[in-house]
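For the record, in the sequence shown the residue sitting at position 76 is 77 according to this note's numbering, with numbers rising by one throughout. The C-beta atom is built at its ideal place from N, Cα and C for all residues, glycine as well.
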Amino acid sequence: MFVLGIDTATRAAGAAVISEDRLIAERFIHNLKTHSQNIIPMIQQVMEDAGIQPENLHGIAVTGGPGSFTGLRIGISVAKTMGQVLGIPVVGISTLKVLAWNVYGVEGLICPILDAQKREVYTGVYHTAPDGLEELVHPAALSIDRLVSEISKPSLAKYAKITFLGDGVPVYGDLINEMLGQRACRGTMINSFPRAAAAAELGIAQLREGRLSDSTFLQPVYLRKSEAELTWEERHGS
């Protein structure tokens, strides 16, 4: 089973091909070009690196949000178009879960944070379980105060270590350290970006289990309204 992974959720972009439990090819780029310029050539390159043709694919996994509104739309549009042309399933994978998968197996809690602007982060809290990641705090856009409050609840306070990773760490890492002290640990720079290979690995598990839905209805998970929507509602009193 060959699965293509696509990620355009943040400023970085990536594409990868995996087969069962083996990563065959992966491309990652973090430059000033837009994802619309990068992602198609990257997909073509990983397919060439993997030595397969598009018709050899059995499915596609794409980071479905949260993240950059424009980036998410690009990645999901590409994935859905390929899926429809090739007649293969497309699954959306939480960007936060993809980030957490980078450090699967670490002790304690895993807390990916993506800078959501407006003094908030897109975040969720996970824990390593034998059969995958256990979600302990549902993905949401939260202030750091609210996030720390969630982590400090009795059910989570028992965990001595929390690994934070994502592009929100350079922005809010010092504040988090002040509030949580030695409980807070930072992931490495390499682990702070979603990886297309992680999306593909999580996606292949979903495909094996048959947890599929009609990809026609696959939409980005933004976790909050766009600036355009908020402005429209303000002007129209909604």
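Within the DSSP bridge table, the entry for Leu-5 names Val-18 and Ile-61 as partners.
Segment contact: the segment 200 to 213 against the segment 36 to 51, fewer than three CB-CB distances shorter than 8 Å; contact not assigned.
Distance from Val-92 to Leu-224 at the Cβ level is roughly 19 Å; contact not present, criterion being Cβ atoms closer than 8 Å. Beta-bridge partners assigned by DSSP to Gly-66: Ser-95. The DSSP-derived three-state label of Pro-113 is strand.
When secondary structure is reduced to three states using DSSP, Leu-224 falls in the coil class, being assigned neither helix nor strand. In the same chain as Ala-142, and ignoring 5 residues on each side of it, the C-beta atoms closer than 6 Å to its own belong to Ala-117, Glu-121, Tyr-123, Leu-224 and Arg-225, in chain order. The shortest C-alpha to C-alpha distance from Arg-74 to any of Pro-55, Asp-50, Thr-35 and Gly-60 is the one to Thr-35.
By the beta-carbon neighbour count (other beta carbons within 10 angstroms, threshold 16), Asp-8 is buried. When only Cα atoms are considered, Asp-22 and Lys-159 end up about 33 Å apart. Within the segment 138 to 201, the beta strand (DSSP E) runs of at least 3 residues that lie entirely inside it are, in chain order, 163 to 166 and 185 to 187. Here Gly-88 is exposed. Its C-beta has fewer than 16 other C-beta atoms within 10 Å. Here the segment 97 to 114 makes contact with the segment 188 to 200; the two share three or more CB pairs at distances below 8 Å.
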